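Reviewing the structure listed below.
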Amino acid sequence: MKKLIPILAAVLLGTAACSSSGDGDSGGPVELVIWHGQDDMASESMEKLVASFNKSHPGIKVKTDSGGATADTMLPKVTAAFAADTYPDIAYMYGSWAAALARSPKVPNLKKYIGDPAVGWNDFWPNTREAAAVNGKVIGFPAVSDNLTVLYNKKMLAKAGLKPPPPTWTWDDFREMARKLTDAEAKTYGTTWAIAGGEETTWTLWPLVWQHGGDILSADGKKAVFNSPQGAKALSLVQQMAVQDKSVYLDTSPAEKGQKLFESGRLGMFLAGPWVLPDVKAAKIDYGFAPLPGTNGDHQTVSGMDNWAVFDHGNRRVKAAVEFLTWLTRPEQQLVWMMDTGSLPTRASIAKLPGYQDYLKKYPGIGVVADNIVNAKKIRPATSKYPRISAFVADAIASALLGRSDAQSALNDAARKSDALLAVPGQ
11 MKKLIPILAA
21 VLLGTAACSS
31 SGDGDSGGPV
41 ELVIWHGQDD
51 MASESMEKLV
61 ASFNKSHPGI
71 KVKTDSGGAT
81 ADTMLPKVTA
91 AFAADTYPDI
101 AYMYGSWAAA
111 LARSPKVPNL
121 KKYIGDPAVG
131 WNDFWPNTRE
141 AAAVNGKVIG
151 FPAVSDNLTV
161 LYNKKMLAKA
171 GLKPPPPTWT
181 WDDFREMARK
191 LTDAEAKTYG
201 TTWAIAGGEE
211 TTWTLWPLVW
221 QHGGDILSAD
231 GKKAVFNSPQ
241 GAKALSLVQQ
251 MAVQDKSVYL
261 DTSPAEKGQK
271 LFESGRLGMF
281 LAGPWVLPDV
291 KAAKIDYGFA
301 PLPGTNGDHQ
311 TVSGMDNWAV
321 FDHGNRRVKA
331 AVEFLTWLTR
341 PEQQLVWMMD
351 TGSLPTRASI
361 AKLPGYQDYL
371 KKYPGIGVVA
381 DNIVNAKKIR
391 PATSKYPRIS
401 AFVADAIASA
411 LLGRSDAQSA
421 LNDAARKSDA
431 LLAVPGQ
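Residue 280 in this note's numbering sits at position 270 of the sequence shown, with consecutive numbering throughout.
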């Protein structure tokens, strides 16, 4: 992502090229392409759901594709596809990208569709609805509601003589536990941090910044403030763990090898969420959940309200995409997705379904994640420039964790680039 993000504004926002007129043969089924960006169990679940839809809706044919990208790299993939006019009808997009997408002429406003009772728009959690709308423009349907927690390997903790982390634990506790869980000879690590450059790199830092009293941008959104003393203190902690303690596995792979390390029983603690549960359970890891460590009693986390974004290939295909997403996001289909993937409910009514209790039993500890949503007090900036700012910060984090720069200098460099970007009007 960090190589492609700098061109996003020019292609995604500045190009006013006409959207495709591909309504196709009005006499045959409408053909749609969805880039889901999922892998492993989530990919299998999506294939199953789409097959079920295609069987029951002969007028629409949905073709699934990973898009050649993970969810973390979907924005640059879609942006490149916009330029080449090879973009899909639907794609899984992080909620933090909504502002950038909303400014693209290739993203239609779905506001006129969401009033249909079949959509059940008000049944979605309010924060998921907010993530799908920017200044009145609805770019898609809520796909995921989640938040960042800590998964821990019970067996590894016990072997290291450690007790499961209590709800009141601190980052000092986290650091000490990570140090004790690290064994160079056995190639086990206390924790991991993604440094491949995508949003996965930055979103794990924001809770530490917020807990220390810092923020990402100024209140008016015109200046970067993540390089404040509070921000530098947050990054310095992780840097010390990586460089001094060597308790952090630095994950340079877009495929997120850190998760595979946890699934192999060689990672003690993993900053993640319910989306990894199917693979963790398949690996037979005896896991537990804990809220993020806190700072002075503040356990703020970051939430990921992601979307199924719709792209314009003509009215007929947009309407078909809405029909498919209306079906896909209904409580019954969402419960199937939740059972397969461990995702949290996106709708209030899902908890009333008979199978919801089976979901709770299948994923022990999922209640900790659901309760943790109260610690999601802030959101990432709703600006079209956020993806590029995030890329600058991701570079700074990587530089610090690799020992190439001190935390303050790395963040200052990212802030200078961010301020220059924020000073450019209309971009």
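Ideal Cβ positions, reconstructed from N, Cα and C, are used throughout, including at glycine. A quick note: this is a predicted structure, and the numbers were derived from the prediction, not measured.
- Per the DSSP secondary-structure output, R357 pairs in a beta bridge with F134.
- Your pair T262 and I205 checks out as a contact, with CB atoms roughly 6 Å apart and the cut at 8 Å.
- Per DSSP, reduced to three states, the secondary structure at Y366 is helical.
- N157 and G283 do touch by the CB rule: their CB atoms are close to 6 Å apart, below 8 Å.
- Of D416, S409, K395, the smallest CA-CA separation from A430 is found for K395.
- For F321, the three-state secondary structure derived from DSSP is coil.
- Counting only residues of its own chain and dropping the five nearest sequence neighbours on each side, T305 has a CB closer than 8 Å to the CB of T180, W181, L218, Q221, H222.
- Following the DSSP letters along the chain, one finds S62 inside the alpha helix (DSSP H) bounded by residues 50-66.
- Nearest neighbour of P98 by Cα position, chosen from G105, S106, T89, Y104, turns out to be T89.
- No Cβ-Cβ contact shorter than 8 Å links T356 with P288.
- For G304, the secondary structure class from DSSP, reduced to helix, strand or coil, is strand.
- Contact between the stretch 300-316 and the stretch 119-132 is absent: fewer than 3 CB-CB pairs across the two stretches fall below 8 Å.
- Bounds of any alpha helix (DSSP H) do not take in S155; it lies within the beta strand (DSSP E) bounded by 150-157.
- The DSSP-derived three-state label of A79 is coil.
- When DSSP states are grouped into helix, strand and coil, L42 belongs to the strand group.
- Leaving aside the five residues that flank K388 on each side, the residues in its chain whose CB is nearer than 6 Å to its CB run, in chain order, W220.
- Taken through DSSP and simplified to helix, strand or coil, N163 comes out as strand.
- In this structure, the beta-carbon distance from G208 to P152 does not fall below 8 Å.
- By the 16-neighbour rule on beta-carbons within 10 angstroms, E57 is exposed.
- Apart from sequence neighbours up to five positions away, the residues of its chain that approach M251 with a beta-carbon distance below 7 Å are R185, A188, S257, V258, ordered along the chain.
- The shortest C-alpha to C-alpha distance from S274 to any of N382, F280, A293 is the one to A293.
- Contact between N137 and M315 holds: CB atoms are separated by about 6 Å, below the 8 Å threshold.
- When DSSP states are grouped into helix, strand and coil, I100 belongs to the strand group.
- Counting of Cβ neighbours within 10 angstroms places V403 among the buried residues, the total reaching 16 or more.
- Here K87 is not near E41, since their CB atoms are 8 Å or more apart.
- For A282, the uninterrupted beta strand (DSSP E) run begins and ends at 279-282, by DSSP.
- L111 and I149 have their alpha carbons spaced roughly 7 Å apart.
- For F299, DSSP records a beta bridge to L161.
- Between T214 and L161, the C-beta gap is not smaller than 8 Å, which leaves the two residues out of contact.
- Per the C-alpha coordinates, the member of M348, G69, D49 positioned closest to G78 is D49.
- For V320, the number of other beta carbons within 10 angstroms of its own is at least 16, and it is reported as buried.
- With respect to K164, D296 sits close: the two C-beta atoms are nearer than 8 Å.
- In this structure D95 is exposed. Its beta-carbon is surrounded by fewer than 16 other beta-carbon atoms within 10 angstroms.
- Judged by beta-carbon spacing, S428 lies within the 8 Å limit of A234, meaning their Cβ atoms are closer than that value.
- Cβ contact annotation for D75 (same chain, cutoff 8 Å, sequence separation greater than five): V43, I44, W45, H46, P98, in chain order.
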